[in-house]
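Visitor:
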Amino acid sequence: MPQEQGYWRYVEEKAVSLCQRYSYQRIDTPIMEAYDLFIRTVGEETDIVQKEMYLLEDRGGGGRITLRPEATAAVCRAYLEHGMHNLPQPVRLYSLSAPMFRYSRPQAGRLRQFHQLNVEAIGDADAAVDAEVIELAWRFFQELGVTGLSLQFNSIGDGRCRPEHLRRLKEYYSRHRSRLCPDCKGRLERNVLRLLDCKNESCQALAEEAPRSTDYLCDECQDHFLSLRRYLDIMELPAQANPKLVRGLDYYTRTVFEVQSPQEGAQSALGGGGRYDGLIQELGGKPTPGVGFAVGIERVIRYLKSLEIPSAEAPRPTAFVAYVTEDAKDEAVRLTSQLRGASINAVLATGGRSLKAQLKQADSIGAPYTLILGDEEVRSGTVVLRDMAQSTQESIPRDQVVERLS
Ligand code: AMP
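Each residue of the sequence shown is one higher than the one before, starting from 19 at the first, in our numbering.
1) When you compare each of Asp345, Pro48, Arg352 and Ala337 to arginine 404 by their alpha carbons, which one comes out closest?
2) So arginine 293 is in the beta strand (DSSP E); what residue range does that whole segment cover?
3) What do you get for glutamine 134, buried or exposed, if any count of 16 or more other CB atoms within 10 angstroms of its CB means buried?
4) Is it the case that the CB of serine 115 approaches a heavy atom of ligand 1 more closely than 7 Å?
5) Which of the three DSSP states, helix, strand or coil, is assigned to isoleucine 298?
6) Please report the straight-line C-alpha distance between tryptophan 156 and asparagine 136, rounded to a whole angstrom.
7) For alanine 346, collect the residues of the same chain with a Cβ closer than 8 Å to its Cβ; drop the 5 residues on either side in sequence, then sort them by chain order.
8) At a cut-off of 7 Å, would you count glutamine 134 as near ligand 1, judging by its Cβ distance to the nearest heavy atom?
9) Assuming aspartate 54 is part of the alpha helix (DSSP H), what are its boundary residues?
10) Starting from alanine 259 and walking both ways along the beta strand (DSSP E), at which residues does that stretch end?
11) In whole angstroms, what separates the C-alpha of valine 147 from that of arginine 212?
12) With 16 as the cutoff for other CB atoms within 10 Å, does arginine 44 come out buried or exposed?
13) Does DSSP classify glutamine 408 as helix, strand or coil?
14) Less than 7 Å separating the Cβ of glutamate 88 from some heavy atom of ligand 1?
15) Using the C-alpha atoms, what's the distance from leucine 129 back to glutamine 13?
16) Check whether the Cβ atoms of alanine 259 and phenylalanine 171 lie closer than 8 Å to each other.
17) What I want to know is whether the C-beta of glutamate 63 ends up closer than 7 Å to one or more non-hydrogen atoms of ligand 1.
18) Let's see if you can read the secondary structure: which residues bound the beta strand (DSSP E) around arginine 82?
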């Protein structure tokens with residue numbers, strides 16, 4: 019809506035300037051993608067694939083397509099299709115205000131069409147790149163002037179060490195099955211990691227005592243995690259290690275992180291991301307590491323409003339152009355056109371109202387000046403310039419108007 023646009027501009031301008039400062043280049047990928055892309059990457063057993071993805075049958079036997087539910091898999095597809103592995107690595111990419119689609123019961127902070135800022139660094143396994151991406155996410159919120167957020171991170175291991183952690187988790191939760199919520203009873207078989215971030219009270223109590231991924235990391239994942247912690251310390255980021263932090267998508271390996279607002283509930287995550295070292299190989303490419311994050315723009319704006327952080331002002335007209343007679347209206351049309359040509363924001367009175375009504379209109383749109391044309395002004399090549407705040411007016415030559423208003 020128009021009254022929201024100032025917030026969108028504010029958030030988008032910060033995002034662009036920050037991404038440029040970190041050498042990320044913009045990419046826009048299509049809204050429509052092959053349905054199977056996300057099954058292979060996000061994972062068959064995730065909420066996104068099971069309950070949220072839109073499914074469309076293409077015409078002409080073109081197969082199953084979807085409205086993308088997230089960006090990372092799509093950006094990795096583009097990386098592969100456009101041979102970006104031939105560029106210097108890592109390839110740093112971002113996409114902005116990209117619409118994403120997930121079916122759900124719409125509620126505050128959870129929409130069926132929402133928009134994200136996405137940042138991806140593809141082609142480098144160095145933990146310093148994880149730290150760079152986490153710092154970028156955190157700075158984004160800082161530079162928006164947002165306070166009260168927490169930054170949490172964890173390592174969930176990789177294909178070598180995670181199976182052991184999952185086995186221990188399954189064992190642990192099976193022993194306490196009766197205390198799980200109905201959803202988690204189902205997840206226990208399909209996606210046991212997600213039990214750790216269930217919001218149900220009884221499940222949360224169980225998660226406190228559950229086996230921790232960081233206790234099962236292989237040597238390589240442990241080294242990576244220690245390096246990441248060191249870099250985050252050096253960068254003086256207020257990051258807290260949270261052994262219960264997991265994410266809802268299967269492609270993550272090693273690092274995961276989230277930025278959370280203090281607002282309670284499932285909508286508290288303003289942004290999150292992590293490393294996805296197996297994703298590109300899953301799509302048929304050579305093993306290629308990657309790390310990135312996504313921030314939900316609507317959630318950020320909602321939070322900005324709750325903190326009463328003002329948005330950018332909508333552009334207001336400098337001049338309102340009023341006229342007294344039909345002849346003068348032709349001149350008013352010409353003058354308005356000339357002002358706009360000279361980069362001055364001007365609005366022409368319309369609707370054939372009385373001069374008094376036109377001046378009221380000028381007040382209501384907040385233009386600081388009104389230009390008034392009557393038959394006398396048309397004849398003498400002048401115009402009345404009215405200062406709306408002072409309620410004073412003077413007659414000036416037409417050819418001085420642009421200079422006076424610039
Ligand atoms: P995810 O890809 O699920 O990690 O989501 C990344 C970010 O996108 C979240 O932290 C939210 O800010 C935002 N987001 C995810 N789903 C929705 C939704 N249904 N409506 C609005 N924002 C969302």
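Glycine included, every Cβ here is placed at the ideal spot set by N, Cα and C.
Guide: In terms of the structure at hand:
1) Ala337
2) Unbroken beta strand (DSSP E) run through arginine 293: 287 to 293.
3) buried
4) no
5) Looking at isoleucine 298 - three-state DSSP - the assignment turns out to be helix.
6) Their Cα atoms are separated by approximately 13 Å.
7) Leu391, Gly392, Asp393, Glu395 and Val396
8) Yes - ligand 1 has a heavy atom lying nearer than 7 Å to the Cβ of glutamine 134.
9) Taken as a continuous stretch (DSSP letters only), the alpha helix (DSSP H) holding aspartate 54 covers 53 to 59.
10) 257 to 259
11) 26 Å
12) Exposed, because fewer than 16 other Cβ atoms sit within 10 Å of the Cβ of arginine 44.
13) coil
14) yes
15) Only positions 19 to 424 of the chain appear in the structure, and residue 13 is not among them; the question remains open.
16) yes
17) For ligand 1, not one heavy atom lies less than 7 Å from the Cβ of glutamate 63.
18) 82 to 85 is the extent of the beta strand (DSSP E) around arginine 82.
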